[in-house]
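Right, one structure below, let's go through it.
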Amino acid sequence: MRIRIIPVTPFQQNCTLLICEQTNKAAVVDPGGDVDQILQAIEEEQVEVEKILITHAHLDHAAGTHNLATTLNVPIEGPHKDDIFWIDGFAMQSQMFGFGPVTKFTPDRWLAQDDTVTFGKVELQVLHCPGHTPGHVVFVDHNSNQALVGDVLFRGSIGRTDFPMGNHDQLISAIKTKLWVLPDDMEFVSGHGPKSTIGKEKKTNPFIF
1377 MRIRIIPVTP FQQNCTLLIC EQTNKAAVVD PGGDVDQILQ AIEEEQVEVE KILITHAHLD
1437 HAAGTHNLAT TLNVPIEGPH KDDIFWIDGF AMQSQMFGFG PVTKFTPDRW LAQDDTVTFG
1497 KVELQVLHCP GHTPGHVVFV DHNSNQALVG DVLFRGSIGR TDFPMGNHDQ LISAIKTKLW
1557 VLPDDMEFVS GHGPKSTIGK EKKTNPFIF
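So that you can map any letter, position 192 of the sequence shown is 1568 in our numbering, and since no number is skipped, the others follow by simple counting.
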């Protein structure tokens, strides 16, 4: 699996285009906005998008979901159903984060711990990692040793838990019990900022002890 990062929205959220190199099929993770840029990247890569995946329903990760799914005529998978609070609150989020009008979406499939999602010949494991939001999920590709962790974990930091429904203890527990057991050399893409590895963060992240 190859990953192309497409920074979107004023929050520079790492929307990602996941590409199955064997089949040229693809999935888009977290289309938070700037849908034209996402469509341009899809055209440049000359791939066929099979589905949209959502880690969590904060607007910078999900505001473009309905638009992109409608344009591409593809299903939406994720997040976990516990994030319905945030989807139902899109209008409130628009005011909170300074977005314009946003159309809500209903996933074709809610995701849960240890579900799998597929596109092309790629299979991703789903980890439910609440704390930043109650329904946050992480996508892990064990074959290519890569993960998409959304706003759970960053290089040198962790996700905020001061938003409604955030829970710091849940977040730390999810990181320790579900991410730290992954291989140390596994590279991950966060929702914002640069990549890192599980092992580096286990050794150096000052927010987890």
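Using N, Cα and C, we set each Cβ at its ideal position, and we do this for glycine too.
Reduced DSSP category for residue i - H, G, I as helix; E, B as strand; rest coil
{"i": "Ile1430", "result": "coil"}
{"i": "Ala1438", "result": "helix"}
{"i": "Lys1480", "result": "coil"}
{"i": "Thr1446", "result": "helix"}
{"i": "Ser1470", "result": "helix"}
{"i": "Ile1580", "result": "The question names Ile, yet the displayed sequence has Thr at residue 1580. The answer is helix: DSSP assigns Thr1580 an H, G or I state."}
Contact set for residue i: own chain, Cβ-Cβ below 7 Å, skip 5 residues either direction
{"i": "Leu1503", "result": "Gln1489, Val1513, Val1514, Val1516 and Lys1554"}
{"i": "His1518", "result": "Gln1501"}
Whole-Å CB distance - residue i paired with residue j, under 8 Å assumed
{"i": "Val1423", "j": "Leu1448", "result": "Contact doesn't hold; Cβ gap of about 11 Å is too wide."}
{"i": "Asn1643", "j": "Gly1567", "result": "Since the displayed the chain opens at 1377 and closes at 1585, residue 1643 lies outside it and no answer follows."}
{"i": "His1437", "j": "Thr1446", "result": "Actually they do not touch by this definition, with Cβ atoms about 18 Å apart."}
{"i": "Leu1415", "j": "Ala1403", "result": "Between Ala1403 and Leu1415 the Cβ distance is about 14 Å, and since that is not below 8 Å, they are no contact."}
{"i": "Glu1563", "j": "Lys1571", "result": "6 Å"}
Buried/exposed call for residue i, threshold 16 Cβ in 10 Å
{"i": "Met1377", "result": "buried"}
{"i": "Gly1440", "result": "buried"}
{"i": "Gly1511", "result": "buried"}
{"i": "Pro1451", "result": "exposed"}
{"i": "Lys1427", "result": "buried"}
Residues bridged to residue i (per DSSP)
{"i": "Ser1533", "result": "Phe1530"}
Contacts around residue i, its chain only, beta-carbon distance under 8 Å, and the 5 residues preceding and following it disregarded
{"i": "Leu1547", "result": "Cys1505, Pro1506, Gly1507, His1508, Val1528, Ile1534, Gly1535 and Thr1537"}
{"i": "Thr1580", "result": "Gly1532"}
Chain-order list of residues whose beta-carbon lies under 6 Å from that of residue i (same chain, five-residue window excluded)
{"i": "Lys1401", "result": "Glu1424, Glu1426, Phe1495 and Gly1496"}
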